[in-house]
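Reading through the structure tokens given below for one structure.
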Amino acid sequence: MTKIAVIGTGLIGRSWAIVFARAGFSVSLWDAHPPAVEAALAFIARRLPELAAHGLLQDRAEAEVMRLLTTAATLEEALAGADYVQENGPERVEDKRELFAKMDRLAPPGAILASSTSAIRASAFTEALAGRARCLVAHPVNPPYLIPLVELSPAPWTAPETVTRAGELLRQAGMVTAVVKREINGFILNRLQAALLTEALYLVEEGIADPADIDATVKDGLGLRWAFMGPFETIDLNAPGGLVDYCARYGASFREMMRESSAPSWSPAMIDTLNAAQRARIPQEAHAARQEWRDRRLMALLSHKAAQTP
Numbered sequence: 002m003t004k005i006a007v008i009g010t011g012l013i014g015r016s017w018a019i020v021f022a023r024a025g026f027s028v029s030l031w032d033a034h035p036p037a038v039e040a041a042l043a044f045i046a047r048r049l050p051e052l053a054a055h056g057l058l059q060d061r062a063e064a065e066v067m068r069l070l071t072t073a074a075t076l077e078e079a080l081a082g083a084d085y086v087q088e089n090g091p092e093r094v095e096d097k098r099e100l101f102a103k104m105d106r107l108a109p110p111g112a113i114l115a116s117s118t119s120a121i122r123a124s125a126f127t128e129a130l131a132g133r134a135r136c137l138v139a140h141p142v143n144p145p146y147l148i149p150l151v152e153l154s155p156a157p158w159t160a161p162e163t164v165t166r167a168g169e170l171l172r173q174a175g176m177v178t179a180v181v182k183r184e185i186n187g188f189i190l191n192r193l194q195a196a197l198l199t200e201a202l203y204l205v206e207e208g209i210a211d212p213a214d215i216d217a218t219v220k221d222g223l224g225l226r227w228a229f230m231g232p233f234e235t236i237d238l239n240a241p242g243g244l245v246d247y248c249a250r251y252g253a254s255f256r257e258m259m260r261e262s263s264a265p266s267w268s269p270a271m272i273d274t275l276n277a278a279q280r281a282r283i284p285q286e287a288h289a290a291r292q293e294w295r296d297r298r299l300m301a302l303l304s305h306k307a308a309q310t311p
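See the structure below:
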């Protein structure tokens, strides 16, 4: 049986544990803060019945998924016999450099070492490792057990075989992979997200639209299409002659729009304005409940998408 080591069991690590266990992999959990492992198991046990109700456990019983999860007392124990390691430690270069050095020393020579980092390039914490060719970033979208995309971003010295093997294993686990062909800050998803967020902030700061109306424009407009097609397929289908026709019709106006725009200030005053508008919609005391609501909506959407004919 394929063994996965999940190192760090916070918000992302516990989600990865669900991804791998429901795919039938043996999963060993370890965290430098032991109570985090018990909290992760409790979260998973609470979440499995809802996932089962939506048909999102890949036909496995809840008890079987839980049996595939084991805890390790030490990092060495967690890595013993592992085929693939998913690291979810603090988002600090120094911490990742230290942790990857330990994992490279302790993990079996053939194990892939992957990091969930959302912003740090793999080259920043793997350059000095003897086994650096087996290291890469596997950046998920939060929460990974409900959003299947994972970005594979190798360092310049990562072996092509590592990217291939990681992709095959993650697809077996039900994930959808996207390869970042050359290292870049933010990978793919966060750069696309940053472009939309930057423009949204600009529109608020310039007094062109309120935050609620911008959110409505995305969730009840752009987001409906983006739930099942990307930007290139969207424009291809939005003109009679396809993508070339769309670019001929609208390319000039898009260039003009972007010339009119500029980067927002990210000033404390602007952030206070945004936060006040958001807290008026969702009070802070309701924040955790709204996260639960989001996850349940994602379950329903994922279940719907899984039932559709490709």
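The sequence shown maps to residues 2 to 311 in my numbering. Each residue gets a CB set at the ideal place from its N, CA and C atoms; glycine is no exception. All values derive from a computational prediction rather than experimental measurement.
TODO: Could you have a look at residue 69 and say whether DSSP puts it in helix, strand or coil?
DONE: Of the three classes helix, strand and coil, the one that applies to residue 69 here is coil, per DSSP.
Task: Residue from 7, 144, 113 and 139 whose Cα sits closest to the Cα of residue 152 - done: For the options 7, 144, 113 and 139, the alpha carbon positioned closest to that of residue 152 is the one of 139.
Task: Chain-order list of residues whose beta-carbon lies under 8 Å from that of residue 172 (same chain, five-residue window excluded) - done: So the list reads 178, once near-sequence residues are dropped.
Open item on the list: Below 8 Å, how does it come out for the segment 76–90 and the segment 101–113: are there three or more Cβ pairs, yes or no?
Closed with: Because the criterion of three Cβ pairs below 8 Å is met, the segment 76–90 and the segment 101–113 touch.
Task: residue 97 in three-state terms, based on DSSP - done: In the structure shown, residue 97 adopts helical secondary structure according to DSSP, grouped into three states.
Task: DSSP state of residue 31 mapped onto helix, strand, coil - done: Note: residue 31 maps to strand in three-state DSSP.
Open item on the list: Since residue 92 and residue 121 should fall inside the 8 Å C-beta cutoff, what is the C-beta to C-beta distance between them, to a whole number of angstroms?
Closed with: Rounded, the Cβ-Cβ distance is 7 Å, consistent with contact.
TODO: Output the boundary residues of the alpha helix (DSSP H) element that contains residue 185.
DONE: Segment: none, residue 185 is in no alpha helix (DSSP H) and carries neither H nor E.
Open item on the list: Buried or exposed, going by whether 16 or more other CB atoms sit within 10 Å of the CB of residue 268?
Closed with: By the neighbour-count rule (16 or more Cβ atoms within 10 Å), residue 268 is not buried but exposed.
Open item on the list: Give me, in chain order, the residues of the same chain whose beta-carbon lies closer than 6 Å to that of residue 89; leave out the 5 immediate sequence neighbours on both sides.
Closed with: Around residue 89, the same chain offers 9, 13, 14 and 117 as residues with beta carbons nearer than 6 Å, after the five sequence neighbours per side are excluded.
Open item on the list: Assuming residue 106 and residue 58 are in contact, meaning their beta carbons sit under 8 Å apart, how far apart are those beta carbons, in whole angstroms?
Closed with: Contact between residue 106 and residue 58 fails: their C-beta atoms lie close to 35 Å from each other, not under 8 Å.
Task: Cβ-based neighbour list, residue 206, same chain, cut-off 6 Å, excluding 5 preceding and 5 following - done: Excluding positions up to five away in sequence, the list reads 265 and 271.
Task: Three-state class that DSSP yields for residue 108 in the structure shown - done: The three-state secondary structure of residue 108, taken from DSSP, is coil.
Open item on the list: Taking its Cβ as the centre, do 16 or more other Cβ atoms sit within 10 Å of residue 141, making it buried, or is it exposed?
Closed with: In summary, residue 141 is buried, with 16 or more beta-carbon neighbours lying within 10 Å of its beta-carbon over all protein chains present.
Open item on the list: Within 10 Å of its beta-carbon, does residue 233 have 16 or more other beta-carbons around it, so buried, or fewer, so exposed?
Closed with: Answer is exposed; the Cβ neighbour count stays below 16.
Task: Beta-carbon gap between residue 1 and residue 137 smaller than 8 Å - done: Beyond the ends of the chain as shown, which are 2 and 311, falls residue 1; an answer cannot be given.
Task: Extent of the continuous beta strand (DSSP E) to which residue 114 belongs - done: First-last of the beta strand (DSSP E) with residue 114: 113–116.
- [ ] With a threshold of 16 other CB atoms inside 10 Å of the CB of residue 176, please say whether the residue is buried or exposed.
- [x] A buried status is given to residue 176, since no fewer than 16 other beta-carbon atoms sit within 10 Å of its beta-carbon.
Open item on the list: Contact defined as beta carbons within less than 8 Å: I believe residue 278 pairs with residue 213. What is the distance between those atoms, to the nearest angstrom?
Closed with: Confirmed, about 7 Å.
Open item on the list: Within the continuous alpha helix (DSSP H) that includes residue 304, where are the two ends?
Closed with: Where residue 304 is concerned, the enclosing alpha helix (DSSP H) stretches over 288–307.
- [ ] Measure how close the beta-carbons of residue 5 and residue 21 come, nearest whole angstrom, since I'm counting them as under 8 Å.
- [x] Yes, residue 5 and residue 21 are in contact; Cβ-Cβ is about 4 Å, under 8 Å.
TODO: Give me the Cα-Cα distance between residue 41 and residue 76, rounded to the nearest whole angstrom.
DONE: So the alpha carbons of these two residues sit roughly 17 Å apart.
Task: Residue span of the beta strand (DSSP E) that contains residue 87, given as start and end - done: Here the beta strand (DSSP E) through residue 87 covers 85–88.
Open item on the list: Let's see if you can read the secondary structure: which residues bound the beta strand (DSSP E) around residue 141?
Closed with: Per DSSP, residue 141 belongs to the beta strand (DSSP E) from 136–141.
Task: residue 130 beta carbon less than 8 Å from that of residue 102 - done: Note that the C-beta distance between residue 102 and residue 130 is below 8 Å.
- [ ] Using a threshold of 8 Å, state whether the C-beta atoms of residue 147 and residue 303 are closer than that.
- [x] Judged by beta-carbon spacing, residue 303 lies within the 8 Å limit of residue 147, meaning their Cβ atoms are closer than that value.
TODO: Report yes if the CB atom of residue 123 is closer than 8 Å to the CB atom of residue 156, and no otherwise.
DONE: One thing to note: residue 123 has its Cβ within 8 Å of the Cβ of residue 156.
Task: Pairwise C-alpha distance: residue 297 and residue 291 - done: Across the structure, residue 291 and residue 297 are spaced so that their CA atoms are roughly 10 Å apart.
Task: Proximity of residue 50 and residue 65 at Cβ, strictly below 8 Å - done: No. Outside cutoff.
- [ ] Compute the distance between the beta-carbons of residue 80 and residue 104, then report whether it is under 8 Å.
- [x] Taking C-beta atoms as the reference points, residue 80 and residue 104 count as a pair closer than 8 Å.
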